[in-house]
Amino acid sequence: MSKSTIILGIESSCDDTSAAVLKDGKILANIVANQSIHKLYGGVVPELASRAHQQNIIPVVDLAIKQAGISKNEIDAIAFTRGPGLMGSLLVGTSFSKAFALGLGIPLIEVNHMQGHILAHFITSSQPSPKDKEIVPSFPFLCLTVSGGHTQIVLVNDFFDMKILGETIDDAAGEAFDKTAKIMGLPYPGGPLIDKYAKEGNPKAFKFTKPQIPDFNFSFSGLKTGFMNFINNETAKNPNFVAENRNDICASIQATIIDILLSKLKAAAKHTNINQIAIAGGVSANSKLRHKLNSLKEELDWQVFIPKFEYCTDNAAMIAITGYYKFLKNDFSNQAVVPLARYDLNSKPNEF
Ligand code: KG4
Ligand code: ZN
């Protein structure tokens, strides 16, 4: 029997420090340390994020290795997020990975964070339960990648052959959730809170104007401004408007964001004649989006792929699985590699 491949994945692009261990594509450990410090400021403060990564990275990696039940000498390669993301945050994961790979004398693999979100669909469990069907999408499929920094519809032809069909021209869908939540006085990140309160609210209670953007592109900044004006006007009439209508406001803005996302996704599916549809990124944790996608299965004859909850928001398992597929094709980086705050899904950057 051929030797198995163990990959250590490191993710530090924004405000989550994460390490994961994968053996032949199967997950052995995935540790995520969130940074609660940003709640105090209503958004991620880059300088504080990189400091927190510095504090977290060694204990997080140590825990992942222990939980995986391996010794560090069994690791075959280290995959790390090169970008896109916050430079100070990326530097911590990149520098750690370079040093650890050098110390262990093993190869280094750079990973594009957005590819990682998409390839999270290929992570399999080391102990599949009968309920886990573990069906993975087959190529080609469409992926709606919706996170705090990105909103894209991607045509995925192969593991490393991805084409962006459309993307946001301003704010990302996650930002739309977080910024509207902030306008309502909710703490960061607001997406999960809007999801929670929306469950008790009426999605038709309030109407918000949707953007008219051509092709498969998105825009969310107008929605945010419209929402702010709406809240300001209503609060001028009734200072308790938000408190009295919180659940209905959350349900209505959530429904609007999801409608915008799904109408473009439907158009892209029709245009490409592809009915294998996946979602990825932090916003794919949204319960209403997951529910609506599932209900489109029958209506549009879609095969829908929704990542496990823990692989939606930032995590190192998705970086490790991408690293695993790069390992299989001997696609390694060298010690000169530096992080990239901007890193297009399709670009093949130099090491420097
Ligand atoms: O992918 P991710 O963890 O980090 C980035 O790469 O940006 O995505 C974070 C985003 C945040 O905007 C957060 O509010 C949003 O995902 N998010 C949600 C939910 N969970 C996380 N948005 C709506 N509903 C959720 N349940
Ligand atoms: Zn992300």
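First residue of the sequence shown? That's 113 in this note's numbering, and the numbers climb one at a time after it.
Glycine included, C-beta positions come from ideal geometry on N, C-alpha and C.
message = With H, G and I counted as helix, E and B as strand and the rest as coil, what does DSSP make of Asn406?
response = helix
Span separating the alpha-carbon of Ser183 from that of Ser375: 48 Å
### Query
Between the C-alpha atoms of Gln447 and Gly155, what's the straight-line distance to the nearest angstrom?
33 Å
Whole-angstrom distance between Ala293 and Phe318, CA atom to CA atom: 15 Å
- Message: Please identify the residue among Gly393, Gln415, Asn398 whose C-alpha is closest to the C-alpha of Ile431.
- Response: With distances taken between CA atoms, Ile431 lies nearest to Gly393 out of Gly393, Gln415, Asn398.
- prompt: For Gly278, which three-state DSSP category applies?
  reply: strand
Would Tyr436 pass as a contact of Ile187 if the rule is Cβ separation under 8 Å? no
Quiz item: Between Ala141 and the rest of its own chain, which residues show a CB-CB distance below 7 Å, the 5 nearest in sequence each way excluded?
Solution: Ala132, Val133, Ala176, Gln179, Ala180
Range covered by the beta strand (DSSP E) that runs through Lys378
It is not in any beta strand (DSSP E) - Lys378 instead sits in the alpha helix (DSSP H) that spans 353-384.
Where do the N-terminal and C-terminal ends of the alpha helix (DSSP H) with Thr117 fall, by residue? It is not in any alpha helix (DSSP H) - Thr117 carries neither H nor E in the DSSP assignment.
_Span of the beta strand (DSSP E), counted from its first residue to its last, around Asp307_ = It is not in any beta strand (DSSP E) - Asp307 instead sits in the alpha helix (DSSP H) that spans 303-310.
Would you kindly work out how many angstroms separate the C-alpha atoms of Thr427 and Gln366, rounded to a whole number? What sits at residue 427 in the sequence shown is Asn, not Thr. Their backbone Cα atoms lie some 24 Å apart in a straight line.
If you follow the alpha helix (DSSP H) that Lys138 is part of, which residue opens it and which one closes it?
Not the alpha helix (DSSP H): Lys138 falls in the beta strand (DSSP E), residues 138-146.
Given the structure, does Ile306 come close to the ligand KG4, in the sense that its CB is under 7 Å from one of the ligand's heavy atoms? yes
Q) Cβ atoms of Gly260 and Cys126: under 8 Å apart, would you say? A) yes
Exposed or buried, which one is Thr321 when buried takes at least 16 other CB atoms within 10 Å? exposed
Less than 8 Å separating the beta-carbons of Ala191 and Pro419? No, Cβ-Cβ distance for Ala191 and Pro419 is not below 8 Å.
Practice problem: Starting from the Cα of Phe289, find the closest Cα among Ser124, Lys441, Ile370, Pro451 and give me that residue. | Solution: Ile370
Problem set entry | Spatial neighbours of Glu346 in its chain, beta-carbon cut-off 6 Å, leaving aside the 5 residues before and after | Phe353
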